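J.: By UniProt numbering, the letter at position 202 of the sequence shown is numbered 202, and the numbering carries on one by one without gaps.
This is the structure I want to talk about, given as structure tokens.
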Amino acid sequence: MAKETAVRGSVIGSSSGAVASREERATAGRAVRDRVPLAAQAALVTAGRSDPVAQLEGQAASRVPELVPIRYGRMLDSPFTFYRGGALIMASDLSQSPHSGLIVQLCGDAHLSNFGVYASPERKLVFDVNDFDETHPGPFEWDVKRLAASLEVAARGNGFSAKKCRKVVLQAVAGYRDTVTSFSHRGNLEVWYSHLDMEELLPQIGQQLDAKRETRMRSMLAKARTRDSVQALAKLTTMVDGRPRIVSQPPLVVPVEELWGEDEAKVTYERLTKLLGSYRRTLQSDRRHLLEQFTLVQIARKVVGVGSVGTRAWILLFEGLDGTDPLFLQAKEAQKSVLSGFTKANGFKNQGERVVAGQHLMQATSDIFLGWDRVLGPDGVERDFYLRQLRDGKASAIVESQAPDTMGLYGRLCGQALARAHARSGDRVAITGYLGEGDEFDQAIADFATSYADLNELDHALLVEAVRSGRVTAQSGI
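In structure tokens:
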């Protein structure tokens, strides 16, 4: 395994202890190829590999028991949904393969469904990475491989030919390489302020899509602009005695009063009220002032995602001026990153803080209510959480319906967003030096993606067999 190179903070110390020059950093990046040639990025080491189903069972031990079958059921649907839930499995595999040691803040689960559109505080729609449960420092290519393999898996699931699958993957990796190379020539502030504004991207994207797909994309963006707390109020609540109340939709959404009864619900409200008090202190003072103008009305448990199913997640309904002025927050349990056992410790004692810090570092702009805290659960166990708005212009592509050209375009956007995130946290000059000017890295990652998609199909089949044999219980269709 390659030695990690100290490149966090976008500088490499020179022999004199001074900040390295641009050329020194580029030279250091090129030197990494002596230890880990670009062609070595294609390697997938499977010797002594852990049982993937056992890894999922290990994760289940800390999750809500009655929700774990839903996770298995969602992962059972297809190799792609299995891949989405298998971040720990891939993290273990990546740790056994050669890596550059060029360290950035990783998303940790950079599959293509963890990118999307959301509203910035300035109310513009931006495209970026949008899931950070597994964020952690590590070698930059681990995120690139996670993204590339997800495209290969999804493309196969959509029935693309092997040639078209590879083309889609290559577009994404080229998008990453071109973008990080471009950023290597820019100043620190220019990189920090850069973002993918959807209004600016629309003309470029429209030129590459036919009229039908462009109309569909514009419709998706228009719908995203309506996804806010007011829309969530209409969808998730009903009026009872003149007050909004969250509608029970078990097992996906269950108010705490129904989940545990009135007495335990009262205790839960008391604990979460304390959480909100300390959570507020993790926000900027102006945002804390804004939050204090809202009153907590109701709490419900919510099942989210694929890989996160079974971790504790709550939606919190607040009321502002009146019942038509709502705020929905989501409090989501933050466990240790799947990467934590395979990379150096990141120094955060609170996993919610780890998620928030990683998100702020990687995203161009983040939710104004993004914060963290630790709360004592009804079982007497303290757990870490991070909080953000439930909906704020968020939208993701429906991968399963994408045609080859659409997925290729989307994959390139994902690659560009990932490169921007890495350029903020790592040494973009050293990474560019390592990648070089040709497409050797792209081809190696595409080879890796093909091999990993094959392995993922075998892992999915193992889960299918585990369910068939009764080793694990799956609840499908939820």
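We treat Cβ as the ideally placed atom computed from N, Cα and C, and that holds for glycine.
These numbers come from a predicted model, not from an experiment.
(1) Alanine 246 bridges to which residues according to DSSP?
(2) Shortest alpha-carbon distance to arginine 420 belongs to which of Ser62, Val104, Glu333, Gln41?
(3) Taking the alpha helix (DSSP H) that alanine 416 belongs to, which residues open and close that run?
(4) Quick check on the burial criterion: 16 or more other C-beta atoms within 10 angstroms. Buried or exposed for valine 381?
(5) Counting only the same chain and skipping the five closest in sequence on each side, list residues whose C-beta sits under 8 Å from that of arginine 391.
(6) Given leucine 462, which residues of its chain have a CB within under 7 Å of its CB, disregarding the five upstream and five downstream residues?
(7) Across the segment 123-132 and the segment 194-209, are there enough close Cβ pairs to call them in contact, namely three or more that are closer than 8 Å?
(8) Please report the residue range of the beta strand (DSSP E) in which glycine 138 lies.
(9) Tell me whether leucine 56 is buried or exposed, calling it buried when 16 or more other Cβ atoms sit within 10 Å of its Cβ.
(10) Three-state secondary structure (DSSP) at glutamine 284?
(11) Determine the DSSP secondary structure at isoleucine 315, reduced to helix, strand or coil.
(12) Quick one: is alanine 300 buried, meaning 16 or more other Cβ sit within 10 Å of its Cβ, or exposed?
(13) I'd like the list of long-range same chain contacts for residue 481, defined as Cβ closer than 7 Å, with 5 residues on each side in sequence excluded.
(14) Using alpha carbons as the reference points, say which of Leu455, Gly415, Tyr269 lies closest to alanine 148.
(15) Taking the beta strand (DSSP E) that arginine 383 falls in, what are its first and last residues?
(16) Within the chosen definition, does the segment 343-350 reach the segment 243-252 through at least 3 CB pairs nearer than 8 Å?
(17) Suppose contacts are defined by Cβ-Cβ distances below 8 Å. Is aspartate 384 in contact with alanine 449 by that definition?
(18) So for valine 306, helix, strand or coil by DSSP?
(19) Determine contact between the segment 34-50 and the segment 437-445, defined as no fewer than three beta-carbon pairs at a distance below 8 Å.
T.: Taking the definition as stated:
(1) A small fix is needed here, since residue 246 is isoleucine in this sequence, not alanine. Paired residue(s): Thr237.
(2) Val104
(3) The sequence as given places glutamine at residue 416; alanine does not occur at that position. Residues 404-425.
(4) exposed
(5) Arg227, Asp228, Ser229, Gln231, Ala232, Phe328
(6) Pro52, Val53
(7) Verdict: yes, contact present.
(8) Per DSSP, glycine 138 belongs to the beta strand (DSSP E) from 136-139.
(9) buried
(10) coil
(11) strand
(12) buried
(13) Absent from the model: residue 481. The displayed extent of the chain is 1 to 478, so no value can be given.
(14) Gly415
(15) 382-389
(16) no
(17) no
(18) coil
(19) yes
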